[in-house]
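Residue numbers (the numbering used here), protein chains in the order written: chain U, 1 to 240; chain F, 241 to 480.
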């Protein structure tokens, strides 16, 4: 699922064509991110986008960065398009998520996901179906364990894993002074683990050596967590 | 002066190359418009942009759409780059503009312009050097008259033209319910006058016939204004 959000229709379609050529299964698009458009404009934009997209579409509610929310009534009108297959909500507002749960129930094939991992446990409780969480790149088993515990209503295990997720955030997502600390922390940790490079496109930059050292220290601390989904990843990790 | 704002460095540079090939004199760039970056990140981004730009650069402070302001200290650090030649401030905050006036005074070749035309008269009073105002596309003489009256400190004429500018906004920029009404109103009026088409890139759309009729009525009302810069444009205009 490849993000194709941009400022206008033609650029979003260009990215979607590239994603399709490279074998993506679907694309993910938030509201266009420069002009502050109204709901009828948002709906009109998506209708035109959907008509030309080469792949299925997942809606992405990211008002903190786009300044434009998908209101529930707008989402309802998207239900009629077969090639729209779900939604990710990163509003961080569980009341909004609860509204989406109601709307999305009308299309049994839709998937409704949440973004902020610190709200995943609660979001699952109110009917959200899963998460697209940054930390799952680092500790996939942790998030699967949380999800499965929520599905079988094992409150104790949900709490254990939820607390580990919070711990992860407090350790890795608050290094430095910038709001990009979350992304940089995850990418730097992935790089320390040898999973991928931590290169970022400007205007963002990867952590410098100083912050990288802090990430390494924090991972040592995380290793002390008695949570299988964390230990399994960090077992072989040494702060070299 | 061609706008090159985008979400990342490479796309901004691509637009700048096209602008240079087509003969532009300079480019105008605001903060990149998706991620909410901090001032050191903004400065780093612009340093890298400036190093690669094929044309001189005008900074564009547009926090309402980019979520990121140029703080005065950041602007001060841009003064050292010869190919940065000025700034447009669309914060709509005259306190911010006054800070810029102080900073920019250190480079006598810089031009400091304001965006919001309803603040042009006041901005000129506090030391801003001019405006890049949407309404000047329709009524250039009106804005030049306002500017010249401000330069010769003719308070009565400033007020006359300032009031005409406010009148223009009340008539043409508040049609319909969307925050894009300002741009759509100007473009539609330009189209009614035969100056250019009112096509807009999605996610925005030109006014439909219903709003176009309102624009035509409003232009009839504007014609009654006893202001040369408005009358000269509308003299030959008939609501046909």
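In this text, a Cβ means the ideal position worked out from N, Cα and C, and glycines have one as well.
Asked	Found
Classify residue 373/F: buried if its beta carbon has 16 or more other beta carbons within 10 angstroms, exposed otherwise.	buried
How long is the line joining the alpha carbons of residue 449/F and residue 259/F, rounded to whole angstroms?	33 Å
In whole angstroms, what is the alpha-carbon distance linking residue 277/F and residue 256/F?	22 Å
Residues bridged to residue 269/F by DSSP?	299/F
So residue 177/U contacts chain F; which residues on that side make the cut at Cβ distance below 8 Å?	278
What are the complete beta strand (DSSP E) segments, minimum 3 residues, inside the region 344-413 of chain F?	351-354
Okay, do the region 318-336 of chain F and the region 296-307 of chain F touch, 3+ Cβ pairs below 8 Å being the bar?	yes
To the nearest angstrom, how far is the alpha carbon of residue 126/U from that of residue 101/U?	8 Å
I'd like to know if residue 284/F contacts chain U, where contact means its C-beta is closer than 8 Å to some C-beta of that chain.	yes
Starting from the C-beta of residue 402/F, find all residues in its chain whose C-beta is less than 7 Å away, skip the five residues before and the five after it, and write them out in chain order.	361, 386
Suppose the cutoff is 8 Å on Cβ atoms and the five residues either side in sequence are ignored; what does the same chain contact list for residue 426/F look like?	374, 375, 377, 378, 412, 413
Let's test the definition: count the other Cβ atoms within 10 Å of the Cβ of residue 175/U and tell me whether it reaches 16, buried, or not, exposed.	buried
Would the C-beta of residue 446/F count as close to the ligand MG, meaning under 7 Å from any of its heavy atoms?	As far as ligands go, the structure on display features none, and thus does not contain the ligand MG.
Kindly indicate which three-state DSSP category residue 313/F falls into: helix, strand or coil?	helix
Given a threshold of 16 other Cβ atoms within 10 Å of its Cβ, counted over all protein chains shown, does residue 294/F qualify as buried or as exposed?	exposed
If you draw a straight line from the C-alpha of residue 75/U to the C-alpha of residue 95/U, how long is it?	15 Å
Can the beta-carbon of residue 160/U be found closer than 8 Å to that of residue 227/U?	yes
In whole angstroms, what is the alpha-carbon distance linking residue 216/U and residue 129/U?	33 Å
Is the separation between the beta-carbon of residue 57/U and that of residue 83/U shorter than 8 Å?	yes
When DSSP builds the beta bridges, which residues end up paired with residue 218/U?	DSSP lists no partner for residue 218/U.
To which residues does DSSP link residue 89/U through a beta bridge?	61/U, 114/U
When you compare the CB of residue 240/U with every CB in chain F, is at least one pair closer than 8 Å?	Note on residue 240/U: pLDDT 48, under 50, position unreliable in the model; no value is reported.
Look at the alpha carbon of residue 244/F and the alpha carbon of residue 156/U, and state the distance between them as a whole number of angstroms.	53 Å
If you draw a straight line from the alpha carbon of residue 460/F to that of residue 98/U, how long is it in whole angstroms?	50 Å
What number of angstroms, rounded off, separates the C-alpha of residue 188/U from the C-alpha of residue 201/U?	14 Å
Considering only DSSP beta bridges, list what residue 324/F is partnered with.	297/F
Which residue marks the beginning of the alpha helix (DSSP H) containing residue 188/U, and which one marks its end?	181-192
Taking just the CA atoms, how far does residue 364/F sit from residue 392/F?	11 Å
Nearest-angstrom Cα distance between residue 45/U and residue 318/F?	37 Å
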